[in-house]
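Okay, so here's the structure we're looking at.
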Amino acid sequence: MKTLLIAVALITPFVTTLANAGDDAMLVEARKVATTLPPRLLAALQQEISKSGPEGAILVCKDMAPKMAGEISQQTGWKIKRVSLKARNDARAIPDAWEKAALEDFDKRAAAGEPPAQLEKGEKIDNEYRYVKALPVQPLCLSCHGPVDQLTPAVKSALAQHYPNDLATGYSVGQIRGAISVRKPL
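Quick note: the sequence shown uses my numbering, first residue 418, plus one each step.
This is how it looks when you write it as structure tokens:
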């Protein structure tokens with residue numbers, strides 16, 4: 418019995434180290450997946466804005482962004498989506514309890530001075546790995562997500578048409594608009 422206890426005591430640090438290394442590898446992979454969507458979406462938004470103005474960009478977020486997320490999910494095996502405490506698309510962007518808690522924590526941390534672009538959370542929960550990365554508001558975002566009184570009539574009309582229950586306005590640069598959320602079964 419004494420030999421067994423000594424063996425367990427000697428092995429435990431190695432098992433813990435291996436488990437932590439596995440979690441670290443999942444975090445690196447989750448970060449990589451989460452950072453693939455924003456630049457692709459930004460490029461599509463910029464292209465559409467230059468073609469048809471900010472109101473045209475609304476359809477990019479509505480139609481193209483979910484397709485891009487689906488493609489990334491198929492390529493990587495990770496489920497990826499955008500979530501927000503102030504959802505524009507109430508069919509796709511409502512956070513679950515874990516995501517909501519992370520977003521609320523991000524808001525508190527940003528208010529305390531942490532840079533919003535660095536806010537993230539990753540952890541193993543039951544049989545999956547979950548990760549969220551904050552999406553801070555950029556100047557380009559204000560065309561559709563800024564204060565309502567500063568939105569153009571065309572943007573207001575497009576938002577009313579495509580997102581009648583829209584909550585995603587009133588932001589300023591640097592605030593947390595939402596997060597990219599990724600998850601993968603283990």
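Virtual Cβ for every residue (Gly too), placed ideally from N, Cα, C.
Model, not experiment: these values are computed from the prediction.
Neighbour-count burial assignment, residue i, 16 or more Cβ in a 10 Å radius
| i | result |
| --- | --- |
| Ile497 | buried |
| Lys550 | buried |
| Gly612 | Residue 612 is absent from the structure shown; the chain starts at 418 and stops at 603. |
| Gly539 | buried |
| Asp480 | exposed |
| Gly563 | buried |
| Ile475 | buried |
| Asp543 | exposed |
| Phe521 | According to the sequence displayed, residue 521 carries Glu and not Phe. Glu521 should be labelled exposed. |
| Ile528 | Here residue 528 turns out to be Ala, not Ile, going by the sequence shown. Exposed. |
| Val599 | buried |
| Val445 | exposed |
| Thr433 | Summary for Thr433: the model assigns pLDDT 38, below 50, so the residue's position carries little reliability; its value from the coordinates is reported in the next sentence. The residue is exposed, with fewer than 16 neighbouring Cβ atoms inside 10 Å. |
Beta-carbon separation (whole angstroms), residue i vs residue j, contact threshold 8 Å
| i | j | result |
| --- | --- | --- |
| Ala596 | Ala519 | 7 Å |
| Leu458 | Ile489 | With 8 Å as the limit, Leu458 and Ile489 do not qualify as a contact, their Cβ atoms being about 11 Å apart. |
| Ser589 | Val572 | In fact, because the Cβ distance is near 16 Å, the residues do not count as touching under 8 Å. |
| Ala510 | Val500 | 5 Å |
Beta-ladder partner(s) of residue i, from DSSP
| i | result |
| --- | --- |
| Ser598 | Lys498 and Val549 |
| Gly539 | Tyr548 |
| Ile593 | Pro553 |
For residue i, the nearest candidate out of the options (CA to CA)
| i | options | result |
| --- | --- | --- |
| Pro556 | Leu462, Tyr546, Lys484 and Pro570 | Leu462 |
| Lys601 | Gln491, Ser467, Lys479 and Cys478 | Gln491 |
| Leu603 | Gly494, Val445 and Gly487 | Gly494 |
| Met485 | Ala460, Gly473, Pro471 and Glu472 | Ala460 |
| Thr569 | Gly473, Val554, Cys478 and Arg448 | Gly473 |
| Val565 | Ile466, Lys503 and Gly587 | Gly587 |
| Pro471 | Lys541, Cys558 and Asn582 | Cys558 |
| Arg594 | Ile466, Lys503, Thr452 and Val450 | Lys503 |
| Gly487 | Tyr580, Val450 and Lys517 | Val450 |
Residue i versus residue j: straight-line alpha-carbon distance, rounded
| i | j | result |
| --- | --- | --- |
| Arg505 | Gln592 | 16 Å |
| Ala424 | Asp513 | Because Ala424 sits at a pLDDT of 45, beneath the cut-off of 50, its placement in the model cannot be relied upon, and the point is left open. |
| Phe578 | Pro483 | As written in the sequence, residue 578 is Gln, which differs from the Phe given in the question. Distance between the alpha carbons of Gln578 and Pro483 is about 18 Å. |
| Ala575 | Asp440 | 43 Å |
| Glu537 | Tyr546 | 14 Å |
| Val477 | Asp583 | 16 Å |
| Lys541 | Met443 | 9 Å |
| Pro533 | Ile466 | 25 Å |
| Lys525 | Arg448 | 22 Å |
| Trp515 | Tyr548 | 10 Å |
| Pro553 | Phe523 | 10 Å |
| Gln464 | Gln535 | 27 Å |
| Ser616 | Thr452 | Because the chain is modelled from 418 through 603, residue 616 falls outside the range shown and cannot be assessed. |
| Tyr580 | Pro456 | 23 Å |
Residue-chain proximity (residue i, chain B), Cβ-Cβ < 8 Å
| i | result |
| --- | --- |
| Asn582 | Absent from the structure: chain B. Only one protein chain is present. |
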